[in-house]
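Novice: Heads up, the sequence shown is in the numbering used here, so the first residue is 12 and it goes up one at a time.
For each residue, glycine too, the CB sits at the ideal point set by N, CA and C.
Computed from a prediction, not measured in an experiment: that's the story for all the values here.
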Amino acid sequence: MARWDFYESSPQTTNNKMALAGAIATLEWIRRQWKHARVVYVSDSQYLVKGMREWVVGWEARGWKRKGGVLENQELWQKLVQAVAAHEVEWRWIEGHAGHAKNEYADFLATGAAQRQERSNGLVPSGSTPGSPKSAPGGATPTTIPIRSCMSVYKDGVAGNTHFLNVLPDGAAAPAVDRIPLYEVYMRMAEELAKRSTCARLQVGTVVTDQVLENVLAIGYNGNARGLPNKCDSAVPGSCGCIHSEMNALVKAAGSVRDKVVFVSASPA
Ligand SMILES: [Zn+2]
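1) Decide if A201 is buried, meaning its Cβ has at least 16 other Cβ atoms within 10 Å, or exposed.
2) Among all residues, which have a Cβ less than 7 Å from at least one non-hydrogen atom of ligand 1, and in what chain order do they fall?
3) Measure from the alpha carbon of V100 to the alpha carbon of each residue in S245, S54, G238 and K206, then state which is nearest.
4) Between the Cα of N235 and the Cα atoms of A229, E225 and S256, which residue gives the shortest distance?
5) Just to confirm before moving on: does the CB-CB distance between H98 and L31 stay below 8 Å?
6) Grab the span of the alpha helix (DSSP H) containing E257 for me, first residue to last.
7) Give the straight-line distance between the Cα atoms of D189 and S267, rounded to the nearest whole angstrom.
8) Using the Cα positions of W45 and N233, report the straight-line distance between them to the nearest angstrom.
9) Under 8 Å Cβ to Cβ from A94, same chain only, skipping five residues before and after it: list those, please.
10) Based on the DSSP secondary-structure assignment, which residues constitute the bridge partners of E99?
11) Would W88 pass as a contact of G62 if the rule is Cβ separation under 8 Å?
12) Out of A121, W66, L228 and K28, state which residue places its alpha-carbon closest to the alpha-carbon of Y197.
13) Answer yes or no: do Y52 and W102 have a C-beta to C-beta separation smaller than 8 Å?
14) How about C251 and R212: do their beta carbons lie closer than 8 Å?
15) Starting from L228, trace the beta strand (DSSP E) in both directions and tell me its first and last residue.
16) Where R237 and E203 are concerned, what is the direct C-alpha to C-alpha distance, given to the nearest angstrom?
17) Under a Cβ-count criterion, where at least 16 other Cβ atoms within 10 Å of its own Cβ denotes burial, should L239 be classed as buried or exposed?
18) At what residues does the beta strand (DSSP E) containing A272 begin and finish?
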């Protein structure tokens, strides 16, 4: 089973707002990756879970008006209802800080994100978050989601490769690895490109592909801009004047293609 982390932070917020914003961001992210998904959303926010399970139906029926006045966080609730429409979502509440392992872990992520004012920018492999658990008051509401707990088999047999293109639904047989996986091809390509770097300090190569790894959108390596001499301006680190390989590749990639995948070779120590 693959696990990912997702966290957001905001300097001026409330737990309720953050519970809503976190759910919206997560479900939208899932939609971008898989279009439709069966999601079990586990949260320690009564506000979020009760709202989605009970209250929104009434609010929608009454045209998003509340008897006693304005509906708090109306815009967020409406956005969440939109985000949910793409999926089949089950909302589950669990008591916070009650020893539920994933809840404690989510609390650790949320607290760290609030302290550092960080966001994960999408799903990151679980456990890759820097920092250690701290017991400061969290500005964000911890939310944990076992996303598509059915995704478990790695196509390439490499458990560390949790990229969504590499996982299969539970029960599906992993195809025999009789051919080199495409990301391996692109990674090797990036390593070959690195050899073309004209920078004396760093040899780095980059391949940019589309999301399904079917088309190469651009390539790049460290060096001067076209037309300039193939050498560094200076030996001082940071002042050699070379353009980074990723930048060289990205400026050539079509901006119209969304969700690019970037392969960058490891830089030498
Ligand atoms: Zn250089």
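Specialist: In this structure, then:
1) To locate residue 201, count along the sequence shown from 1; it is residue 190. It is buried - the Cβ of A201 has at least 16 other Cβ atoms within 10 Å.
2) If you measure from each CB to the nearest heavy atom of ligand 1, the residues under 7 Å come out as C210, A211, R212, L213, N233, C243, C251, G252 and C253.
3) Residue mapping note: residue 100 aligns to position 89 of the sequence shown, counting from 1. Residue S54 is the option with its Cα nearest to V100.
4) On the sequence shown, position 224 is the one that residue 235 refers to. Out of A229, E225 and S256, S256 has the C-alpha closest to the C-alpha of N235.
5) Working through the sequence shown from its first residue, we reach residue 98 at position 87. Working through the sequence shown from its first residue, we reach residue 31 at position 20. No, the Cβ-Cβ distance between H98 and L31 is not below 8 Å.
6) Numbered from 1 along the sequence shown, position 246 holds the residue referred to as residue 257. S256 to L261 is the span of the alpha helix (DSSP H), which, as asked, contains E257.
7) The residue you call residue 189 lines up with position 178 of the sequence shown. The residue you call residue 267 lines up with position 256 of the sequence shown. So the two alpha carbons sit approximately 34 Å from each other.
8) Residue numbering aside, residue 45 sits at position 34 when the sequence shown is read from its first letter. Residue numbering aside, residue 233 sits at position 222 when the sequence shown is read from its first letter. Those two C-alpha atoms are separated by around 34 Å.
9) Numbered from 1 along the sequence shown, position 83 holds the residue referred to as residue 94. So the list reads A34, I35, L38, E39 and R42, once near-sequence residues are dropped.
10) By one-based count along the sequence shown, residue 99 stands at place 88. Beta-bridge pairing links E99 to R49.
11) Against the sequence shown, residue 88 aligns to sequence position 77. Against the sequence shown, residue 62 aligns to sequence position 51. Yes. Within cutoff.
12) Here the question's residue 197 lines up with position 186 in the sequence shown. When each option's Cα is compared against that of Y197, the closest is L228.
13) For the purposes of this step, residue 52 is taken as the residue at position 41 of the sequence shown. For the purposes of this step, residue 102 is taken as the residue at position 91 of the sequence shown. Contact: yes.
14) For the purposes of this step, residue 251 is identified with residue 240 of the sequence shown, where counting begins at 1. For the purposes of this step, residue 212 is identified with residue 201 of the sequence shown, where counting begins at 1. A contact, by the Cβ cut-off of 8 Å.
15) In the sequence shown, residue 228 corresponds to position 217, counting from 1. It spans V227 to Y232 - the beta strand (DSSP E) in which L228 sits, taken as one unbroken run.
16) Taking the sequence shown and counting its residues from 1, one reaches residue 237 at position 226. Taking the sequence shown and counting its residues from 1, one reaches residue 203 at position 192. Each residue's alpha carbon lies about 20 Å from the other.
17) In the sequence shown, counting from the first residue as 1, residue 239 sits at position 228. Classification for L239: exposed.
18) One-based indexing of the sequence shown puts residue 272 at position 261. Reading off the sequence shown, one finds Val at residue 272, where the question assumed Ala. Element bounds for V272: V272 to V275.
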